[in-house]
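By the count of our numbering, the sequence shown reaches residue 569 at its end, each step adding exactly one. All C-beta atoms in this analysis are idealised placements derived from N, C-alpha and C, irrespective of residue type, glycine included. Some notes on the structure that comes next.
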Amino acid sequence: MIRISVLILLLVVSACSRPSEQPAAAAPAANTTAPVAVAKMPSFDAGRMLADIKALSSDEFEGRAPGSKGEELTVKYLEDQFKKIGLQPGNTDGTFVQSLPLVGITAGNTRPLTVSGNGKKATFKWRDDLVAWTKRVTDTSSLDNSELIFAGYGVTAPEFKWDDFKDVDVKGKTIVVLVNDPQIPSASDPSQLDPSMFKGKAMTYYGRWTYKFEEGARRGAAGILIVHETGPAGYPFAVVQGNLGERFDLVTPDKNMTRASIEGWLSLDAAKKLLSMAGQDFDALKKQALTREFRPVPLGLQASVAIRNTLRTIQSRNVLAKLDGSDPQLRNEWVIYTAHWDHLGIGAPVNGDKIYNGALDNASGVAQVLEIARAFTAVEPRPKRSVLFLMVGAEEQGLLGSQHYAEQPVYPLAKTLAAINVDGVNQWGKTKDVTVIGMGASDLDDYLRDAAATQQRVLRPDPESEKGFYYRSDHFNFAKKGVPALYTDTGIDFVGKPAEYSQQKRDEYTNKDYHAPSDEVKPDWDLSGATEDAQLLFLVGYNVANAATFPAWKPGNEFKATRDAMLK
Ligand SMILES: [Zn+2]
2 MIRISVLILL LVVSACSRPS EQPAAAAPAA NTTAPVAVAK MPSFDAGRML ADIKALSSDE
62 FEGRAPGSKG EELTVKYLED QFKKIGLQPG NTDGTFVQSL PLVGITAGNT RPLTVSGNGK
122 KATFKWRDDL VAWTKRVTDT SSLDNSELIF AGYGVTAPEF KWDDFKDVDV KGKTIVVLVN
182 DPQIPSASDP SQLDPSMFKG KAMTYYGRWT YKFEEGARRG AAGILIVHET GPAGYPFAVV
242 QGNLGERFDL VTPDKNMTRA SIEGWLSLDA AKKLLSMAGQ DFDALKKQAL TREFRPVPLG
302 LQASVAIRNT LRTIQSRNVL AKLDGSDPQL RNEWVIYTAH WDHLGIGAPV NGDKIYNGAL
362 DNASGVAQVL EIARAFTAVE PRPKRSVLFL MVGAEEQGLL GSQHYAEQPV YPLAKTLAAI
422 NVDGVNQWGK TKDVTVIGMG ASDLDDYLRD AAATQQRVLR PDPESEKGFY YRSDHFNFAK
482 KGVPALYTDT GIDFVGKPAE YSQQKRDEYT NKDYHAPSDE VKPDWDLSGA TEDAQLLFLV
542 GYNVANAATF PAWKPGNEFK ATRDAMLK
C-alpha cells in the first residue's frame, strides 16, 4: 500500500512542471528566470553547528522551557550569535525579539456531561468518556442544554466540493464530528482510498483535530465533540486523556472568545451510547458521512457540562534577525527560515536525569538555521530580497510561537515568498536523498529538486503521509495563512550504509530519545549530512530570494485559495 501511494505521489509530482524552466500550460505564464548564479559559494561547517547544538542543549540551559532561566540563556545566546554573524535586529522596533504572551489553562470538571432527550437521560464520566476544555481565557465555561447535532466529518472543503454543514445553522449547538478526513474508497478498487478525494491515504488539514475545532468555532457552535477512534486518529484514547493537564495558548486580544465554549473528545463507547439514545447507529451514520450528499443529523438531545479553569500567564519570546536584500525594490519582500528554540524544560526524571535537553529537538534545527544565516552573509552576490531568520518559541506547546508570528507578522505575509522550516537535523551521515514532508504542495519542491541536483541528490516523498506531519511543525502556521512552506526530513539512502541503517537509527531515536531526557548530543553523531542539507535549504531560499516571481501552491492544494485571495 505504501509503495502504491508513493508511486502515485511520484506521478503527481513529475506531472507538475518545473516553474523555473517550463510553466504548465494550465497555469498562468510563470515568467521565472534562471536564478542568480552563486559567484562565491559559502562554506558550511559541521563543527560550528555542533558547537551551537552543544551550547543550547547543555544542562545549563535546562531544556529551554518557555518562561524559564533556560529561555533567558537561549535568547541571549541567539542574540549574541546573530550579532556575531552580522545580522540586523529582526523586529521593526530595533530588537531581536517579538514578545510571545502565553496563557496556561488547566481545565477541571465541575459538572459532568449529562445528555437528555427522547425521554432518556445519561451521565458521562469525565476523563473515561469525555476529555474536554475551553480555549477561552475565562474562569468557567459550560454547555447548558445545548442541542446536539451530528455533523459528519465537520469539514467544509471547496477544492473537493465537500460541505458537511450544507445550509444547516449550528450556532449555539453542540456538534458531534468524526476524526480524520473523509476516507472515500476508490471506485475502481474499494480496498484503496480515492486519491482524488482528500489526497487519498495522506492526511489533509481537514483531518486534523485542530481543524475541527476551528471550523466549528467559525460556525458559532457552542460545543465541538470529536468521536475518538484509534485507527483514524492514529493514537489511543489515552493520548487524548493526556491532554487534561495544563494546555498553553496564545493570549489573543479577545481572550479567545471566538472559540467554542467547550472543545473535547468523546470515547468511541461514549459516542455510541450517546447516538443510540437518539435512536441512531454509529456505523450507519459514519457510512452516510462518506457521501457528498450528507446533511447534519439533529439528534433530539441536549448536552450540559461545566468546567473551571486554572489560569497562569507566561511571557515568552520569538527571536529574530534579518539580512536586508540588495535590491532597493525587492528588499521589502521576504524569505523566512524558522526553527523552534524551545523544548520541554525540566520534567519527570528518566534514569535519574530530569533535564530534557532537546539536542536534536530542536537545538539542531536552530544550529542549522544559524549556519544558513552565516552563509547568507558570506554569499556573493547578496540576495535581492530580504531574509528573516526566525527562531520561534513554544512549539512544543502547540506551535504557538509560529502561530503568533503568522497572526501578527512583523513583515506582511503578502510580501513573504516562502517559509522554510527545520525541526531536527540528520545526525547520521550523508544521504543520497532528502525526504519532503507533504511533497507536491508547492513550487518550493521544484526549487528543492534543482538544488538537490547540484549535490547529485534526489527528493523522496514522506512515506507516512497519513500521519499528517506537514501540519505538525512551525511552517504549517505559515501555510495555513497562505504562505508556501517547505519542510524536509532526513533521507533514507545513506552513503556507504546498508539499506536497514536508516530505519534502525530512526527507531532508536523514536523509542529511546524522542521527548526524553536522553535527547542529548551523542559521541557518534555525524553532521556531514546535516551540513549538506544546510547548503540545500540555503540554495532554496537564495534562489527564491532572487526569483522573478513568487513561488505558488500547486493546484488542488488546500492553502492555495487563501494565498490567491491574499495576493489579489
Ligand atoms: Zn518536540
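Segment limits, beta strand (DSSP E) that includes residue i
i: Q99; result: V98 to G118
i: E264; result: I263 to L267
i: K121; result: K121 to F125
i: W210; result: Where W210 is concerned, there is no enclosing beta strand (DSSP E), although the alpha helix (DSSP H) it sits in stretches over W210 to R219.
i: I227; result: G224 to V228
i: N422; result: T417 to N422
i: T146; result: Checking the displayed sequence, the identity of residue 146 turns out to be Asn instead of Thr. Counting along the chain, the beta strand (DSSP E) containing N146 begins and ends at T141 to F151.
i: R318; result: V298 to L324
Between the CA atoms of residue j and residue i - distance to the nearest angstrom
i: H229; j: G91; result: 42 Å
i: E63; j: W342; result: 13 Å
i: G326; j: F479; result: 21 Å
i: G173; j: Q303; result: 12 Å
i: V423; j: D362; result: 10 Å
i: P113; j: S147; result: 14 Å
i: E216; j: K121; result: 30 Å
i: E397; j: G359; result: 11 Å
i: N547; j: L331; result: 9 Å
i: M42; j: V367; result: 21 Å
i: I373; j: S44; result: 10 Å
i: L528; j: R248; result: 35 Å
i: F238; j: T314; result: 29 Å
i: V37; j: V380; result: 11 Å
i: D1; j: G155; result: Because the chain in this structure spans residues 2 to 569, residue 1 falls outside the shown range and cannot be described.
i: G40; j: R473; result: According to the sequence provided, residue 40 is Ala. The question's Gly does not apply to it. Looking at the two C-alpha atoms, the distance is approximately 37 Å.
i: L449; j: W429; result: 21 Å
i: Q89; j: V320; result: 12 Å
i: L144; j: G483; result: 34 Å
i: D354; j: R128; result: 30 Å
i: S69; j: F166; result: 44 Å
i: G224; j: P485; result: 32 Å
i: T253; j: R137; result: 10 Å
i: Q536; j: L57; result: 22 Å
i: S187; j: V459; result: 30 Å
i: R209; j: H344; result: 23 Å
i: Q409; j: V98; result: 13 Å
i: H516; j: Y357; result: 7 Å
i: A307; j: A222; result: 16 Å
The alpha helix (DSSP H) enclosing residue i, as first and last residue numbers
i: A290; result: Here A290 belongs to no alpha helix (DSSP H), and DSSP marks it neither H nor E.
i: H405; result: L401 to E408
i: A234; result: T231 to A234
i: I86; result: K70 to I86
i: V241; result: F238 to Q242
i: T253; result: Careful: T253 lies outside any alpha helix (DSSP H) and carries neither H nor E.
i: N478; result: H476 to K481
i: K561; result: K561 to L568
i: A452; result: L445 to T455
i: Q281; result: Segment: none, Q281 is in no alpha helix (DSSP H) and carries neither H nor E.
i: R461; result: Not the alpha helix (DSSP H): R461 falls in the beta strand (DSSP E), residues V459 to P462.
i: V367; result: G366 to A379
i: L131; result: Counting along the chain, L131 falls outside any alpha helix (DSSP H), though it belongs to the beta strand (DSSP E) covering L131 to W134.
i: I493; result: Element bounds for I493: n/a, residue is neither H nor E.
i: T532; result: S529 to N547
i: I176; result: It is not in any alpha helix (DSSP H) - I176 instead sits in the beta strand (DSSP E) that spans T175 to L179.
Outcome for residue i when other beta-carbon atoms lying within 10 angstroms are tallied against a minimum of 16
i: Y236; result: exposed
i: T417; result: buried
i: Q404; result: buried
i: T532; result: buried
i: R564; result: buried
i: L487; result: buried
i: R258; result: This sequence places Met at residue 258; Arg is not what is there. Classification for M258: exposed.
i: G441; result: buried
i: R219; result: exposed
i: T93; result: exposed
i: Y207; result: buried
i: G87; result: exposed
i: P191; result: exposed
Distance between beta carbons of residue j and residue i, contact taken as under 8 Å
i: V435; j: T511; result: So it is not a contact: roughly 19 Å between Cβ atoms.
i: G492; j: K433; result: 7 Å
i: A415; j: L568; result: 6 Å
i: P552; j: V545; result: 6 Å
Residue i beta carbon near ligand 2 (any heavy atom closer than 7 Å)
i: T115; result: No copy of ligand 2 appears in this structure; the ligands present are ligand 1.
Any chain C beta carbon closer than 8 Å to residue i
i: W342; result: The question asks about chain C, but that chain is absent: this structure has only one protein chain.
Which residues neighbour ligand 1 when neighbourhood means a C-beta less than 6 Å away from any of its non-hydrogen atoms? List them by chain order. With 6 Å as the limit between CB and the heavy atoms of ligand 1, the residues that fall short of it are D362, E397 and H516.
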